[in-house]
Amino acid sequence: MVSAPQPVVENKDTNVSRETSPAAKDPMATPLARQVADEARRRRAAEAATAHRPEATRVFTVANQKGGVGKTTSTVNLAAALSLLGMNVLVIDIDPQGNASTALGVPHHSGVPGIYDVLIDSVPLADVVQPASTVERLWCAPATIDLAGAEIELVPLVAREARLRKALEKFLAQRTGDDRIDFVFIDCPPSLGLLTVNAFVSAQEVLIPIQTEYYALEGVSQLMNNITLIREHLNPDLRVSTILLTMYDARTRLSAQVAEEVRQHFPNEVLKTLIPRSVRISEAPSFGETVMTYDPASTGALSYREAALEMTAVKASGPSAGEETGEGQHG
Ligand SMILES: Nc1ncnc2c1ncn2[C@@H]1O[C@H](COP(=O)(O)OP(=O)(O)OP(=O)(O)O)[C@@H](O)[C@H]1O
Ligand SMILES: [Mg+2]
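Numbering-wise (this note's numbering), the sequence shown opens with residue 1186 and increments by one.
Spelled out as structure tokens, the structure:
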């Protein structure tokens, strides 16, 4: 007679000791300890790394017609991070909401000369550019509320799609040697109207921030189609060079899945660095600051520095700094 299988009775004492012993022997065995150690390693690498000025000015349009994905946040924090790395950086705020101007601490109430005057009245860009309040080597051409009418006012104007480009070319030509602007970021509104077209015509590179949430890629194919049209008809030099994953939540499978999906679609463009969801990042603008100065020790500031280093194709000063920069953050 075959006896019935006996239930396996676990020895609780043995299990407890099995679960706790690795952490007791090695404090690095807990996820929190590993996270802290990983962040300390990333911080050392990012602080040791240095960036070199690009050979020529790089002009980026920061675009995604989806609202609230982190265009403005990424614009101002990357700009500040690059300035802190020694670059001369100009932010052009082409969104009537004026959020980039706010975050850089630049006045932009009605009556302040801004991008509206440049686009509609051909005022030189140099006349509207102001220094950012908290970071050196960083300037901003602000957006005032008048810009809300510019979409319509631009329609009858001559060369309506190239007005920003003309103004920017003139401005950049005046800034040479040590004063040369190394990076320009144009912060777009969440739409594909004439303001965004002006931005696309002015740039060589498009930076697309993508929020690691459901429907992350929604609208991106329409954006890519529009970029193709701009390339064919108005600006043959335009290319999508950089995709930045924003508001990443390491605790959720969803963020990791979305990040993976975006990387599959754009294997060469997505930066290794992920921007985490962080309260410090979202608080900074209400103080007229970027997170780079508002809380330089935060993970948000560290991540934007790492992303900025990736964008400058960093040459590391320490033996292992280059290898480590941007690592340890994959979802
Ligand atoms: N990494 C982050 N962690 C937490 N909050 C963030 C992060 N990035 C952006 N936010 C917040 O999300 C909101 C939208 O961000 P942001 O304004 O940068 O998006 P946007 O794409 O420029 O929006 P719009 O389309 O309206 O111009 C803001 O309240 C911002 O503070
Ligand atoms: Mg914005």
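Glycine included, each C-beta is placed from N, C-alpha and C at the ideal position.
- Out of E1495, I1300, R1436, A1264, which has the shortest C-alpha to C-alpha gap to D1278? I1300
- Message: Can you find the residues in the same chain that come closer than 6 Å, C-beta to C-beta, to R1416, ignoring five residues on each side of it along the sequence?
- Response: L1423
- Message: Can you give me the C-alpha to C-alpha distance between V1297 and I1371, rounded to a whole angstrom?
- Response: 19 Å
- Item | ligand 2 site residues, beta-carbon cut 5 Å against heavy atoms | K1256, T1257, N1284
- Task: Kindly give me the distance between the Cβ atoms of V1254 and Q1396, rounded to whole angstroms, as I take these residues to be in contact under 8 Å.
- Result: 4 Å
- Message: Buried or exposed for D1367, going by 16 or more other Cβ atoms inside 10 Å?
- Response: buried
- From V1391 to D1434, what does the alpha carbon distance come to, in whole angstroms? 25 Å
- Message: I need the straight-line Cα distance from V1369 to L1353, nearest angstrom please.
- Response: 9 Å
- Task: Return yes when the Cβ of E1495 is within less than 9 Å of the Cβ of T1437, no when it is not.
- Result: no
- CA-CA distance, Q1389 and T1427? 11 Å
- Taking only heavy atoms of ligand 1 into account, decide whether any of them is closer than 8 Å to the Cβ of V1464. yes
- Query: Within 8 Å: the Cβ of G1254 and any heavy atom of ligand 1?
  - Reply: According to the sequence provided, residue 1254 is Val. The question's Gly does not apply to it. V1254: yes, Cβ under 8 Å from ligand 1.
- Limits of the unbroken alpha helix (DSSP H) element including E1417: 1405-1418
- Message: Can you tell me where the alpha helix (DSSP H) holding M1496 begins and where it ends?
- Response: 1484-1496
- Message: Let me confirm a value: W1324 is counted as buried when at least 16 other C-beta atoms fall within 10 Å, else exposed. Which label applies?
- Response: buried
- With a cut-off of 8 Å, do at least 3 Cβ pairs link the stretch 1467-1475 to the stretch 1440-1457? no
- Query: DSSP state of R1360, grouped into three classes?
  - Reply: coil
- Query: How would you write the range of the alpha helix (DSSP H) that L1439 sits in, first residue to last?
  - Reply: 1438-1450
- Message: I want to know whether the stretch 1307-1315 touches the stretch 1256-1263 - three or more CB-CB distances under 8 Å.
- Response: no
- Query: A1493 and L1270 look like a contact to me (Cβ under 8 Å); what is the Cβ gap, rounded to whole Å?
  - Reply: 6 Å
- Message: Can you look up L1342 in the DSSP assignment and give me helix, strand or coil?
- Response: coil
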